[in-house]
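In what follows, a single structure is set out as structure tokens and then discussed.
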Amino acid sequence: MSYVSKNKVVSIHYTLKSGGGEVLDSSEGRDPLVYIQGAQNIIAGLENALENKVVGDALSVVIEPVDAYGERREDLVQSVSLDQFDNQEAVQPGAQFQMQSPEGVMIATVVEVDAQDVTIDLNHPLAGMALHFDVEVVAIREATEDELSHGHVHGAGGCH
Ligand code: ZN
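Everything in the sequence shown is counted per my numbering, starting at 1352 for the first residue and increasing by one.
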């Protein structure tokens, strides 16, 4: 019997809901999500919940923000000049852009737009939320050396 444990490649089907029951994301109708346990490919709370599970195990867990995408930070709501956007017509409330930052790629969500300035929110869209996951383990295998050195799962064609 193979257990979910550090450096195993694990395939899961999942449905993610908000506290209000709204489905935010799901692997239903798609290939399962494949990740390396212990490699921080997925949020910490989900890794913890899946530790020692076996193929066929199904679980429902609620993951608090600290073990998911963190608390919301008001200092990440910032005002920037509209001039900084290449495609200004696409800058509408609710629109999301990827931005480079010293901490890596962040998703900026547009909050408000006026004639010259744009209020953007750099919090992760799921920050501050308790996440309700229904998860089923569908496969477990050993990671290859390449996968472990890269820190991510390779498909049939190798690194991609
Ligand atoms: Zn790779």
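Glycine included, C-beta positions come from ideal geometry on N, C-alpha and C.
Run the CB neighbour count on K1404, radius 10 Å, all protein chains shown included, and call it buried at 16 or more, exposed below.
Residue burial annotation: K1404 is buried, with at least 16 other C-beta atoms found within 10 angstroms of its C-beta.
Neighbour-count burial assignment, M1352, 16 or more Cβ in a 10 Å radius
Label assigned to M1352: exposed.
Own chain residues within Cβ distance below 8 Å of I1387, not counting five before or after:
Hits under 8 Å: N1358, K1359, V1360, V1361, A1494, E1498, L1499, G1502, H1503 and V1504.
Using a strict less-than 6 Å threshold between each residue's beta carbon and the heavy atoms of ligand 1, what residues do you get?
Cβ-based neighbours of ligand 1 within the cut-off: H1501, H1503, H1505 and C1510.
What do you reckon, are the CB atoms on M1480 and P1416 nearer than 9 Å?
A contact, by the Cβ cut-off of 9 Å.
Between the Cα of D1408 and those of G1508, G1509 and V1489, spot the shortest distance and give me the residue it belongs to.
Closest in C-alpha terms to D1408, from the list G1508, G1509 and V1489, comes V1489.
E1487 in three-state terms, based on DSSP:
Strand.
Which class does H1505 belong to by DSSP, given the choice of helix, strand or coil?
Note: H1505 maps to coil in three-state DSSP.
Only counting the same chain, and skipping five residues up and downstream in sequence, which positions put a Cβ closer than 6 Å to that of D1376?
If we look at D1376 and ignore the five residues flanking it on each side, its Cβ neighbours are L1367.
What ranges does the alpha helix (DSSP H) occupy inside the region 1353 to 1392, keeping only unbroken runs of at least 4 residues that lie completely in it?
Runs of the alpha helix (DSSP H) lying entirely within the region 1353 to 1392, each at least 4 residues long, are absent.
Short of 6 Å in beta carbon distance, which residues of its chain neighbour A1395, apart from the five on each side in sequence? Order them along the chain.
Same-chain partners within the cutoff: D1418.
How many Å lie between E1425 and V1431 at the Cα?
Straight-line Cα distance between these residues: approximately 15 Å.
Any beta carbon of chain D sitting closer than 9 Å to that of K1357?
Given the protein chain composition of this structure (a single chain), no chain D is represented.
Which residues share a DSSP beta bridge with I1458?
Q1449, per the DSSP bridge assignment.
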